[in-house]
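As you go down the protein sequences, you meet chains A and B in turn.
For the numbering used here, add 1 to where a residue sits in the first sequence, where the first one is 1.
For the numbering used here, add 62 to where a residue sits in the second sequence, where the first one is 1.
Let me begin by presenting the structure, written as structure tokens, before commenting on it.
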Amino acid sequence: MKKKFRSDVDFVVRIGGEGGEGVISCGELFAQAVARTEYHVFTYITYPAEMRGGFSMIQIRVRDWTIYSMGSEVDCLVVFNQQAWERTHMYLKKDGLVIYDPESVEIKEGNYKAKFYPIPLTKLAKEQTGSSIGKNVVVLGVLGFFFSISPEVLEELISERYGHKGQEIIEKNYKALKAGFKAGKKITKSNIQFGLEGTAENKEKFMLLSGNEAVALGAVAAGCRYVAGYPITPATPIFETLTKIMPKVGGKAIQMEDEIASISAIIGASFGGEKVMTPTSGPGLQLMGEQLNLAAMLELPIVIVNVQRGGPSTGLPTKTEQSDLKFAIYGTAGESPRVILAPTTVEDCFYQTIRAFNLAEEYQLPVILLTDQSIGYRKATVKLPDFHSFKKKEKHGIDEYLEIPSAEKIEVISRREPAKDEIRNYKRFKITDNGVSPIARPGTPGGQYLATGLEHNEMGKADYSPKNHSMMSRKRFRKLEMLSSKLEQNPREFYGSKESKIGVIGWGSTEGAIREARYRAEEKGILIRHLHPKIISPLPERQIRSFLVGLKYVIVVEENYTGQFAHFIKAKFGVRPIEIHKCEGVPISSQEIFNGIKKVARIADEKNITKV
Amino acid sequence: MKKTLQKYESVIKPVWCPGCGNYGILKAVKQVFMELDLSPENIMNISGIGCSGRFSHYFNTYSLHGTHGRALPTGLGAKSAREDMTVVVVGGDGDGLGIGGGHIVHAARKNVDITYILVDNRVYGLTKGQSSPTTPTDTHTKTSPYGVYDTPVNPIPMFITYDISFIARTSVVEYKRMTELIKKAIVHKGMSMVYILSPCITYPILPLKQVKSIIEPLPDNYPLDNKLKAMEYAYTQEPLYTGIFYQIKKTTLDQHLKNQIKTAHEREKTKKGLTIKELLKSYT
């Protein structure tokens, strides 16, 4: 019997243990099962940089509606060992529940109102599978029972995930799963609180994707068929996904010897006429600096994805930070144009990646997509896009309004090649009104040209004359001016009240947390205006100025030490923002932002603030 | 003959020193293009920085003059994206063995079907006379006023160790032979290395006369696929042998990439490959 889809669901499950215990895969299987029952899911993962040992954790938030952040309080906590308990119990909700293994966790007496369910996970796993490794599947069974997920859904997921390991392993896992269900049943008869059974009618189909997977799929959707990369945490899953899926769609994903070779290879492939990308993280982007300029100078479209991690140097490879912004915008010897995009959600990773390719092809320059570890490793439900809306755009967008790709409308822009009359006396770097000149595809007779990193004239010939350098610099930057003026026509990227005196500006993955903080503030009567540009550079100046009008306080929220975006805003718009930074390697929560807003509201002491 | 060579000539006139061996290499490459009847629009010339970096300027082909040391991975990208193109990469002893030296072994491992012409003049010529990775020990240059203390690189044994599938050495002093070797290299399926000694006229660390006196063709019965034998001849300094040191058949990068696509299509039971719709649905 199908039960009705619940419309009051919003809870957080957290599973903690030691790296290598299967904590993450247990959580991911649970999240996938929830997604198949068509609820929204949002996961957050932390894991150690080492292969084994260290603290590993996955948090899963389940909701019947769009989820904006990982959630701050835990409804259901599963702890595999003592360390996991010590590091997570403070996040437990007062009336939450705890599942733990009494063999390895000792809960000292404390003032807890939560319900405690000791389940001998290790023992059960050993009984059923002959090894303690299976305890994550036992936990999956327990969770399955608590959340009324059908065993069939979980069995299907297990066979999909472990199928390649052979039937014997699968059977063992089924046994462990059953044992988990049984153990859950033994302890408590029913659990209405978290019931998720049944599927909703007329609901969209969801993909369950990590931000990294969404980027990889976005690239394929955008028409990218050539990727070169070098593994680097936390961007590796993008490259892994692409090495798997590229051949399936007739494309190529090539592992190179380092990041310099990777970007060189995509420049060569872009010169060859392909849509190209390389995924990397901060240290890799740094190595790519010189070639990034080359692409800008040769006016070749390339897309670089930088999944930011904690820096500087080797820093915190598995932790999150928004600290490569300045390098992405300004990190260059000499001056070269580039576009910086920052997706805000997992779903947005998919669409902003498509947009990154469209912009790269349209404006013939490098586009850097700045995500971060938290968004890259987070998994969330993403609506399947409308495939009828997939369009290859014949007419080029630079002179008209450029659509932002969305589930309802995906436009894919192809490279502008010279027309027949342009091939005669072809000038690759011809000065045009908008700075863009057609690129001949190798193999086209008469389109042969020289692309040199030396300053060159319209023909491509090296030319260091004062007049030429100033003219060509203008040509290259003209493209950014064009883009910036076009962005002015886009829908405004800000939310909240026009009456507010307090504005919050953020970028990238903090969007959901800021949005939730705004909702909370509004509940308390504090009006907030929230700006979250997805194109960080170039910024649409008029739009930003209209956001700033009437504001007394501007708060810039970001996950870094020095306040990089705040500096950028300060320099561009002459405002003196209040900076809320978090530089701890973990995402900022809506609570932390809300606390900051409260402080500012107190200072503001304006009439429109009733109670704080 | 001259008229047809023009087909490959760009409007840009070379700026090398008068008498530089690079003029000969440029002519030889054009001649090979002509002999192989390649259309200029189907050729990609990729180069890095240095005197050798200028090669790409002088061809009427799709030419890319990139950054220092990165010509090889750039060429690899070009060829792996466009297997229908003939890709020639030109580098020098600084560009190819110094700053970009690390890329050679990996291009060799992938056996990308390009021809790498490595022009060795034993000095940084364009920047006016500093020591390079192949400058002999004790040579006095602008950056080694007390004499070079580094051991020079001996490239051919290195290339043999890398298992590059075609390795040849020649010099500008033997134009005809050099042209033949470049031709064989371009015809070869897989990565081909043509290492050319091109003594610098302005900084004559290795005088032309000396090259002429020490080079000698490899013997007629020389085996092409014997690495140990190749090493023996490659280490011999006098005479300095020229010719093909090593040539084997190996699967090329574009074949590997094609095979990958074929395997993936078979696994997915599709002929044309997955559509974006099918791909996204597999993630639900």
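Cβ atoms here follow ideal geometry from the backbone N, Cα and C, with glycine treated the same way.
These figures come from a predicted structure and were not determined experimentally.
To the nearest angstrom, how far is the alpha carbon of S227(B) from that of P285(B)? Position 165 of the second sequence holds residue 227(B). Position 223 of the second sequence holds residue 285(B). Answer to the nearest angstrom: the Cα atoms are 14 Å apart.
Can you name the residues of chain A whose CB is closer than 8 Å to the CB of L259(B)? One-based indexing of the second sequence puts residue 259(B) at position 197. By Cβ distance, chain A contributes nothing, its closest Cβ being about 27 Å from L259(B), past 8 Å.
State buried or exposed for Y465(A), treating a residue as buried only when at least 16 other CB atoms are found within 10 Å of its CB. Position 464 of the first sequence, counted from the start, is the residue given in the question as residue 465(A). Exposed.
Grab me the residues of R37(A)'s own chain with a C-beta within less than 6 Å of its C-beta, minus the 5 sequence neighbours each way, in chain order. As a first step, residue 37(A) must be located in the first sequence, where it is residue number 36. In its chain, beyond the 5 residues on either side, V154 have a beta carbon closer than 6 Å to the beta carbon of R37(A).
How long is the line joining the alpha carbons of V10(A) and I61(A), rounded to whole angstroms? Taking the first residue of the first sequence as 1, we reach residue 10(A) at position 9. Taking the first residue of the first sequence as 1, we reach residue 61(A) at position 60. Between V10(A) and I61(A), the C-alpha separation is close to 13 Å.
Whole angstroms is fine: what's the gap from K534(A)'s alpha carbon to K502(A)'s? To locate residue 534(A), count along the first sequence from 1; it is residue 533. To locate residue 502(A), count along the first sequence from 1; it is residue 501. Checking the displayed sequence, the identity of residue 534(A) turns out to be Pro instead of Lys. It is roughly 19 Å from the alpha-carbon of P534(A) to the alpha-carbon of K502(A).
What first and last residue would you give for the alpha helix (DSSP H) that runs through K599(A)? Position 598 of the first sequence, counted from the start, is the residue given in the question as residue 599(A). Element bounds for K599(A): S591 to A605.
Please state whether DSSP places Q544(A) in a helix, a strand or coil. Looking up residue 544(A) in the first sequence gives position 543. DSSP places Q544(A) in helix when its eight states are reduced to three.
Here's the rule: buried if 16 or more other CB atoms are within 10 angstroms of the residue's CB, otherwise exposed. What is L98(B)? Taking the second sequence and counting its residues from 1, the one referred to as residue 98(B) is at position 36. By the neighbour-count definition (other C-beta atoms within 10 Å, threshold 16), L98(B) is an exposed residue.
Do P198(B) and V215(B) have their beta-carbon atoms positioned less than 8 Å apart in this structure? Numbered from 1 along the second sequence, position 153 holds the residue referred to as residue 215(B). Numbered from 1 along the second sequence, position 136 holds the residue referred to as residue 198(B). Against a cut-off of 8 Å, the Cβ pair of P198(B) and V215(B) comes out as no contact.
Within 8 Å, do at least three Cβ pairs link the region 142 to 150 of chain A to the region 23 to 40 of chain A? yes
Cα-Cα separation, F307(B) to K245(B): Looking up residue 307(B) in the second sequence gives position 245. Looking up residue 245(B) in the second sequence gives position 183. Going by the C-alpha atoms only, they are around 15 Å apart.
Pick from R116(B), K339(B), T314(B) and I111(B): whose alpha carbon is nearest that of V77(B)? If you number the second sequence from 1, residue 77(B) lands on position 15. Of R116(B), K339(B), T314(B) and I111(B), the residue nearest in Cα terms is R116(B).
How about V75(A) and A381(A): do their beta carbons lie closer than 8 Å? In the first sequence, residue 75(A) corresponds to position 74, counting from 1. In the first sequence, residue 381(A) corresponds to position 380, counting from 1. Not a contact, by the Cβ cut-off of 8 Å.
Whole-angstrom distance between T346(A) and N495(A), CA atom to CA atom: The sequence position of residue 495(A) within the first sequence is 494, counting from 1. The sequence position of residue 346(A) within the first sequence is 345, counting from 1. One detail in the question is off: residue 495(A) reads as Phe in this sequence, not Asn. Straight-line Cα distance between these residues: approximately 16 Å.
Within 10 angstroms of its Cβ, does N203(A) collect 16 or more other Cβ (buried), or is it exposed? Start at 1 with the first residue of the first sequence, and residue 203(A) comes out as number 202. Low confidence applies to N203(A): its pLDDT is 41, below 50, so where it sits in the model is not reliable, and the reading given next is rough at best. So N203(A) ends up on the exposed side.
Interface positions of the region 349 to 382 of chain A facing chain C (Cβ-Cβ less than 7 Å), listed along the chain: Of the chains in the structure shown, none is chain C; the protein chains are A and B.
Across which residues does DSSP place P119(A) in a beta bridge pair? Mapped onto the first sequence, residue 119(A) falls at position 118. DSSP, once it has assigned bridges, lists Y101(A) as partnering P119(A).
Any heavy atom of the ligand ZN inside 7 Å of the beta-carbon of L370(A)? The model on display carries no ligand, and the ligand ZN is accordingly not part of it.
Three-way DSSP call (helix, strand, coil) for V174(B) in this model: For this step, residue 174(B) is matched to residue 112 along the second sequence. V174(B) falls in the coil class under three-state DSSP.
Which whole-angstrom value describes the C-beta separation of G17(A) and M71(A), a residue pair presumed to lie in contact below a C-beta threshold of 8 Å? By 1-based counting over the first sequence, the position of residue 17(A) is 16. By 1-based counting over the first sequence, the position of residue 71(A) is 70. In fact, because the Cβ distance is near 14 Å, the residues do not count as touching under 8 Å.
Using a Cβ-Cβ distance cut-off of 8 Å, determine whether I108(B) contacts chain A. As a working note, residue 108(B) is residue 46 in the second sequence. Yes, its Cβ sits closer than 8 Å to a Cβ of chain A.
Would you kindly check if the distance between the Cβ of M253(B) and the Cβ of I176(B) is under 8 Å? Translated into the one-based positions of the second sequence, residue 176(B) becomes position 114. Translated into the one-based positions of the second sequence, residue 253(B) becomes position 191. Contact flag set, yes.
Three CB pairs or more closer than 8 Å across the region 117 to 133 of chain A and the region 172 to 188 of chain A: yes
If you measure from the beta carbon of L341(B) to each beta carbon in chain A, is any gap under 8 Å? What you label residue 341(B) is simply residue 279 of the second sequence in a count that begins at 1. Yes, because at least one Cβ of chain A sits closer than 8 Å to the Cβ of L341(B).
Locate the beta strand (DSSP E) running through N107(B), then write down its first and last residues. Sequence index remark: in the second sequence, residue 107(B) carries index 45 (1-based). From DSSP, the beta strand (DSSP E) with N107(B) extends over I105 to S109.
Three or more C-beta pairs closer than 8 Å, one from the region 283 to 293 of chain A and one from the region 253 to 273 of chain A: is that the case here? yes
Taking buried to mean at least 16 other C-beta atoms within 10 Å of its own C-beta, is Y69(A) buried or exposed? Within the first sequence, residue 69(A) is the residue found at index 68, counting from 1. Looking at its Cβ environment, which holds 16 or more other Cβ atoms inside 10 Å, Y69(A) is buried.
Close Cβ partners of I193(A) (< 7 Å) along its chain, the five nearest in sequence each way excluded: Numbered from its first residue, the first sequence carries residue 193(A) at position 192. Legend: pLDDT at I193(A) = 48, less than 50; position of this residue unreliable, no value from coordinates given.
Buried or exposed by the 16-neighbour rule on C-beta atoms within 10 Å, applied to K487(A): Numbered from 1 along the first sequence, position 486 holds the residue referred to as residue 487(A). Buried.
Are the C-beta atoms of T433(A) and some chain B residue less than 8 Å apart? In the first sequence, counting from the first residue as 1, residue 433(A) sits at position 432. No, its Cβ sits nowhere closer than 8 Å to a Cβ of chain B.
Is the beta carbon of P344(A) less than 8 Å from the beta carbon of L370(A)? The residue given as residue 344(A) occupies position 343 in the first sequence. The residue given as residue 370(A) occupies position 369 in the first sequence. A contact, by the Cβ cut-off of 8 Å.
Going by CA-CA distance only, name the one from D157(B), L126(B), K312(B) and I222(B) that's closest to A296(B). Taking the second sequence and counting its residues from 1, one reaches residue 296(B) at position 234. With distances taken between Cα atoms, A296(B) lies closest to I222(B).
Nearest chain A C-beta to A140(B) closer than 8 Å, yes or no? Sequence index remark: in the second sequence, residue 140(B) carries index 78 (1-based). Closer than 8 Å: yes.
Is the Cβ of L342(A) closer than 8 Å to any Cβ of chain B? Translated into positions along the first sequence, residue 342(A) becomes position 341. No, because no Cβ of chain B sits closer than 8 Å to the Cβ of L342(A).
According to DSSP, simplified to helix, strand and coil, what is D157(B)? To locate residue 157(B), count along the second sequence from 1; it is residue 95. In this structure, D157(B) counts as helix in the three-state DSSP scheme.
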